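Protein chains in written order, with this note's numbering: chain G, 82 to 196; chain A, 216 to 326.
From the three backbone atoms N, C-alpha and C, an ideal C-beta is built for every residue, glycine too.
Computed from a prediction, not measured in an experiment: that's the story for all the values here.
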């Protein structure tokens, strides 16, 4: 098992551009989570999927953010019209099981810098 | 409400024990977790504890939970320089399973 992978690892973009990140979860993990982490803070929940269904979105997820998991496997997170405040590390985690059997495994993250 | 608090820094000497503390507010939390993050890396799950337990030990790690005071601690015995990292406490929110993280405690281990 290769773990959760995320691409790209780093992204630099200009304000106003669109960016898309990809997360490949551990195979057979049915839940997939997106978090955002800014410098000096812990990760903050953005959204999560169970299979292909997006079940919860945080208030942090403005209309410029959209996430998909079309076939219940990999997921993409798109940010439209990026702003400097979007600069952060975007973390993906996957898990299987529920309750005490659920453990979230995190990917290495995609670091976004908006100039 | 959802809030997890941690002290920001801890410095210890190699070989000493480290104790990292965390308080949380959601009394309905069922599971509490400790993650480790090294520079430039993702989060590594260290251990977790179910809310009906008081203590859990796993090799050099001991987790203590005081549910009445909503206080969680992580003790690392015989701390090594390789333990230097940021440690995050997280509570699992009952609805949906998202994790609510503290701001992290930076542990510095001096030789």
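For residue i, tell me which candidate among the options has the shortest Cα-Cα distance.
i: residue 119 of chain G; options: G:167, G:184, G:186, G:189; result: G:167
i: residue 247 of chain A; options: A:227, A:230, A:279; result: A:279
i: residue 85 of chain G; options: G:112, G:135, G:164; result: G:112
i: residue 290 of chain A; options: A:262, A:218, A:266, A:239; result: A:262
i: residue 147 of chain G; options: G:153, G:185, G:135; result: G:135
i: residue 178 of chain G; options: G:117, G:83, G:131, G:153; result: G:131
i: residue 238 of chain A; options: A:305, A:325, A:253; result: A:305
i: residue 245 of chain A; options: A:315, A:325, A:326, A:324; result: A:315
i: residue 295 of chain A; options: A:325, A:253, A:273; result: A:325
i: residue 110 of chain G; options: G:196, G:133, G:137; result: G:133
i: residue 240 of chain A; options: A:268, A:273, A:221, A:253; result: A:221
If contacts are defined as beta-carbon pairs under 8 Å, then residue i and residue j qualify, I think. What distance do you get, rounded to the angstrom?
i: residue 106 of chain G; j: residue 175 of chain G; result: 3 Å
i: residue 230 of chain A; j: residue 190 of chain G; result: Not really, about 32 Å apart at Cβ, beyond 8 Å.
i: residue 322 of chain A; j: residue 233 of chain A; result: 6 Å
i: residue 115 of chain G; j: residue 186 of chain G; result: Actually they are not in contact, since the Cβ atoms of residue 115 of chain G and residue 186 of chain G sit about 14 Å apart, beyond 8 Å.
i: residue 121 of chain G; j: residue 303 of chain A; result: That pair is no contact at about 12 Å.
i: residue 301 of chain A; j: residue 320 of chain A; result: 7 Å
i: residue 317 of chain A; j: residue 219 of chain A; result: 4 Å
i: residue 161 of chain G; j: residue 145 of chain G; result: 5 Å
i: residue 173 of chain G; j: residue 188 of chain G; result: 5 Å
At what residues does the beta strand (DSSP E) containing residue i begin and finish?
i: residue 91 of chain G; result: 91–94
i: residue 238 of chain A; result: 233–239
i: residue 107 of chain G; result: Unbroken run through residue 107 of chain G: none, as it is neither H nor E.
i: residue 157 of chain G; result: 156–160
i: residue 148 of chain G; result: 146–149
i: residue 320 of chain A; result: 320–325
i: residue 228 of chain A; result: 224–228
i: residue 273 of chain A; result: 270–273
i: residue 314 of chain A; result: 314–316
i: residue 221 of chain A; result: 219–221
Pull the bridge partners of residue i from the DSSP assignment, please.
i: residue 247 of chain A; result: A:264, A:306
i: residue 259 of chain A; result: A:251
i: residue 101 of chain G; result: G:159
i: residue 88 of chain G; result: G:103
i: residue 118 of chain G; result: G:170
i: residue 281 of chain A; result: A:286
i: residue 175 of chain G; result: G:113, G:186
i: residue 192 of chain G; result: G:91, G:170
i: residue 133 of chain G; result: Its beta-bridge partners do not exist; DSSP assigns none.
i: residue 128 of chain G; result: G:115, G:138
Check whether the Cβ atoms of residue i and residue j lie closer than 8 Å to each other.
i: residue 251 of chain A; j: residue 259 of chain A; result: yes
i: residue 194 of chain G; j: residue 93 of chain G; result: yes
i: residue 285 of chain A; j: residue 243 of chain A; result: no
i: residue 47 of chain G; j: residue 103 of chain G; result: With chain G covering only 82 through 196, there is no way to say anything about residue 47 of chain G.
i: residue 299 of chain A; j: residue 282 of chain A; result: no
i: residue 142 of chain G; j: residue 125 of chain G; result: no
i: residue 297 of chain A; j: residue 183 of chain G; result: no
i: residue 235 of chain A; j: residue 225 of chain A; result: yes
i: residue 87 of chain G; j: residue 163 of chain G; result: no
i: residue 293 of chain A; j: residue 307 of chain A; result: no
i: residue 108 of chain G; j: residue 127 of chain G; result: no
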